[in-house]
Amino acid sequence: MDATMKVTLLSIVVLFWSFAECSDPLGFDPLTPSEISRVQTIVQKEYPTNHKPTFNYVGLEEPDKVKILSWQSSNPKAKPKPSSPPPRRAFVIVRSQKQSHEIIVDLSKRSIVSTKVYQGNGYPTLTLGEIEEATQLPLSYEPFKKSLRKRGLHDLSQVQCIAFTLGWFGEAKTSRIVKIKCHYRNGTVNFHARPVEGVEMFVDFDDMKIVGYNDRYVVALPKAEGTEYRASKLKPPSAPKPKQDHGPGFTIDGHSVSWGRWNFHVGYDSRAGPIISLASYYDVQKQKHRPVLYKGFVSELFVPYQDPTEEWYYKTFFDSGEYGLGQFMSSLQPFIDCPSDASFIDAYYASSDGTPVEIPNAFCIFEKDAGDIMWRHTEAAIPNELITETRSDKTLVVRTVSTLANYDYITDWEFTPSGSIKAVVGLTGILALKATNYTDTEEIKKDIYGTLVADNTIGVNHDHFLTYSLDMDVDGVANSFVKSNFETVRVKDRNIPRKSYWTVVSETAKTEADARIKLGLKPSELLVVNPNKKTKQGNKIGYRLLPGPMAQPLLVGDDFPQIRGAFTNYDVWVTPYNKSEKWVAGLYVDRSRGDDTLAVWSQRNRNIENRDIVLWYTMGFRHVPRQEDFPVMPNLSGYFEMRPTNFFESNPVL
Ligand SMILES: *[C@@H]1O[C@H](CO)[C@@H](O)[C@H](O)[C@H]1NC(C)=O
Ligand SMILES: *[C@@H]1O[C@H](CO)[C@@H](O)[C@H](O)[C@H]1NC(C)=O
Ligand SMILES: *[C@@H]1O[C@H](CO)[C@@H](O)[C@H](O)[C@H]1NC(C)=O
Ligand SMILES: *[C@@H]1O[C@H](CO)[C@@H](O)[C@H](O)[C@H]1NC(C)=O
Ligand SMILES: [Cu+2]
């Protein structure tokens, strides 16, 4: 079967997307607790009891796209099913005897499909268990206790340590070493505000031992006063009032959600966090569900700090690949994090030893009525008649929060009645703070790499780059990427007083190189279209990317963090679908060398025209901390939108 024919077949199959109703986990459903336990049993059997493996990643081994689509398209009511469901498999990365092992487990056959020892650079995601063990080590480490005493800090129970990934700075050889820095709570829960600056430890995560220690300088410990953020301790107390209950206007079946004309699936992964898949919109005119997004998730969240001093230069975090946006998801508070009529879904990840751990209320799903207008018109020109038509906008939100030590990332996927999908992110929580002797900017003679946000406290400059993976299947699997450039045209006709106007010149990207885009350089609109489908008017059926905030990287290209974060070199990239190209920073990110990034994949310069393509888009926030971001930061929010563009024959929500 040639590629074009395969694509055509896929497009036919995909026309009939619908959802299988069943309670057994299927398709994109995340691993259930019993499946995680099964993985644990099967994998542990492979290792001698004195070399128990650490489970650094346990997740769904995604079924092949062709399998998922043909399963989805089969009639859910037909029994028996016309095609067999995609196999349930788990992908596992364990660390054992200083090696990373990749294991695929067949969950129904309860057997191992394949195992492989990873030979390349970098290490897997840190586990919560490893972090907890490592951050306890300083408490019984004599040199550290001496450093505390030197600073007049005598109560060990007030010490709180954090694990920081080290990055890679050109070393020829690396081992799995993580830096530990500590804080002294003593009277505040906001320990991030009280770093014991100048002191750091290095822990080998494979041996779980301190292998290095530095105590380079002493600065004042910032004070506890003014760091409180709990309502119960602040006056006046500011508890939000619960809203009135209206009852959900949506249905959730397992992980499948339908609301109005939208159907989609909400998945979970310990690394990616939420995964939205199989999003389709019911077109009333065409009387069918039309696919839009096969799969969307945050592939990486890169946070390079901009302080080049000895104690801070390495702080260039990859929150998905190094820490795991999913395992760090927080339980949502009913009535506060989400409105009163929200529904909740739990999530499960594997702990260090492979045991399932529940995150209760990990997702909330709710209708949002923010008082916005979907569309309106007042017609006052007709004699003796005043027409006003308004439709208020109500959207459906899928919300999660990932709390990575100090920072909280609110990630919303929002569906609108008019066919848009918005990805909203809110950055909040506590800044990464550095202690200093300064209390007044007047005293400062050299760059402090941030803002003095309180006495003895610097909020360090940094960026947040969120790279989304968007496998768009706009009305079918085969899509193209179109740049519609705006060009100024001079009017030649002397009889016309106007001298110029702008027009749209569209260009279809043929290969990956044509689709590497820095936004803002050239006025343009970016679209994913289905070149095989047209509206009645002959326009290509498409979805447009409406970008959100951007912050192009300012590090030099040969700086090590930028080599590892090279996927931010462009705001937009397009690649042909490849199941193993999932993580833009690479599969192994801790101490990675940038040899498995989106920038490397894109070098193949593959054909992307009329193919199954994936759009990679980076939303960027440049963050110069303000005093208002202390002691806790009001959410800084941004969003981008995938907006139907000639997808429907007319406004779908009359
Ligand atoms: C710790 O708290 C106690 C009691 O409030 C106070 O007396 C002491 O000075 C504090 N120590 C530091 C280092 O802040
Ligand atoms: C900060 O102030 C303390 C106390 O005055 C002093 O011992 C220390 O050397 C100062 N640190 C720096 C880096 O200037
Ligand atoms: C963050 O706050 C802004 C208002 O300042 C709001 O529009 C946005 O929805 C909030 N973001 C989230 C994710 O709640
Ligand atoms: C799919 O991606 C992997 C990882 O980048 C690569 O090794 C493989 O060659 C790719 N396959 C194709 C067909 O491009
Ligand atoms: Cu920030």
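When you line the sequence shown up against mature numbering (1 follows the signal peptide of the UniProt record, and there is no 0), it's residues -22 to -1, 1 to 632, in that order.
Where a beta carbon is used, it is the ideal one built from N, C-alpha and C, also for glycine.
Only a predicted model underlies this, so the values are computations on that prediction, with no experimental measurement involved.
Can you give me the C-alpha to C-alpha distance between T419 and T389, rounded to a whole angstrom? 35 Å
Closer than 6 Å: is that where the CB of K164 sits relative to any heavy atom of ligand 1? It should be pointed out that residue 164 corresponds to Asn in this sequence rather than to Lys. Indeed, a heavy atom of ligand 1 lies less than 6 Å from the Cβ.
Looking at ligand 2, does it come within less than 6 Å of residue 643, judged from the CB to the closest heavy atom? With the chain covering only -22 through 632, there is no way to say anything about residue 643.
In the DSSP assignment, find the beta strand (DSSP E) that holds P612 and state where it starts and stops. 611 to 623
Grouping DSSP H, G and I as helix and E and B as strand, with all else coil, what is R194? coil
At what residues does the alpha helix (DSSP H) containing F538 begin and finish? That run of the alpha helix (DSSP H) goes 538 to 542.
Using 6 Å as the cut-off, classify the Cβ of V197 as near or not near the heavy atoms of ligand 2, replying yes or no. yes
Using CA atoms only, rank isn't needed, just tell me which of V469, E40, S234, S277 is closest to L576. S277
CB V197 to CB E178, shorter than 7 Å? Against a cut-off of 7 Å, the Cβ pair of E178 and V197 comes out as no contact.
Sort K76, V83, A112 by Cα distance to Y96 and report the nearest one. K76
Our contact map puts Q18 next to K30 with C-beta atoms below 8 Å; I'd like the distance itself, whole angstroms only. About 11 Å; that fails the 8 Å criterion.
With H, G and I counted as helix, E and B as strand and the rest as coil, what does DSSP make of K518? strand
If you follow the beta strand (DSSP E) that R377 is in, where does it begin and where does it stop? 365 to 382
Three-state secondary structure assigned by DSSP to W561: Look at W561 here: in three-state DSSP terms it is coil, with no helix or strand label.
Excluding sequence positions up to five away, which residues of its chain have a Cβ less than 7 Å from the Cβ of T368? I351, R354
Give the straight-line distance between the Cα atoms of N624 and G498, rounded to the nearest whole angstrom. Approximately 24 Å between the Cα atoms of the pair.
Where do the ends of the alpha helix (DSSP H) carrying T19 lie? Start and end: 11 to 22.
Quick one: residues in its chain with C-beta nearer than 8 Å to the C-beta of R476, no 5 flanking neighbours on either side, listed in chain order? V469
Chain-order list of residues whose beta-carbon lies under 7 Å from that of P539 (same chain, five-residue window excluded): G145, P282, T294, L533
With C-beta atoms as the reference, is N434 less than 7 Å away from V602? no
Jot down the residue ranges of each uninterrupted beta strand (DSSP E) in the stretch 82 to 164, minimum 3 residues, whole runs only, in chain order. Restricting attention to beta strand (DSSP E) runs no shorter than 3 residues, the stretch 82 to 164 encloses them at 89 to 95, 137 to 143, 155 to 162, ordered along the chain.
What residue range does the alpha helix (DSSP H) around K43 cover? 43 to 51
Contact check, residue 633 vs M307, beta carbons under 7 Å: Lying outside -22 to 632, the shown extent of the chain, residue 633 is not represented and no answer is given.
Locate the beta strand (DSSP E) running through W353, then write down its first and last residues. 334 to 357
Would you mind stating whether K159 and I188 have Cβ atoms separated by less than 7 Å? no
Along the beta strand (DSSP E) that carries W290, what are the first and last residues, could you check? No beta strand (DSSP E) contains W290, which DSSP labels as neither H nor E.
Exposure label - I81; buried when at least 16 CB within 10 Å: So I81 counts as buried.
Using only the alpha-carbon positions, how far apart do S570 and K514 sit? In this structure, the straight-line span from the alpha carbon of S570 to that of K514 is close to 50 Å.
Going by C-alpha to C-alpha distance, which of S398, A544, D247 sits closest to P334? D247
Below 7 Å between beta carbons: does that hold for A68 and E39? yes
For E(-2) and R66, I'd like the C-alpha separation in whole angstroms. At E(-2) the pLDDT is 37, less than 50, meaning the model places this residue with poor confidence and gives no usable figure here.
State the Cα-Cα distance for the pair S330 and V72, rounded to the nearest angstrom. When the Cα atoms are used, S330 and V72 turn out to be separated by approximately 9 Å.
Any chance the CB of N415 is under 6 Å from a heavy atom of ligand 2? In terms of side-chain proximity, the C-beta atom of N415 is found nearer than 6 Å to a non-hydrogen atom of ligand 2.
Using the C-alpha atoms, what's the distance from N588 back to Y555? 12 Å
So R88 packs on L199, CB below 8 Å; how close in whole Å? Not really, about 54 Å apart at Cβ, beyond 8 Å.
Pairs of beta-carbons, one from the stretch 543 to 554 and one from the stretch 589 to 598, closer than 8 Å: are there three or more? yes
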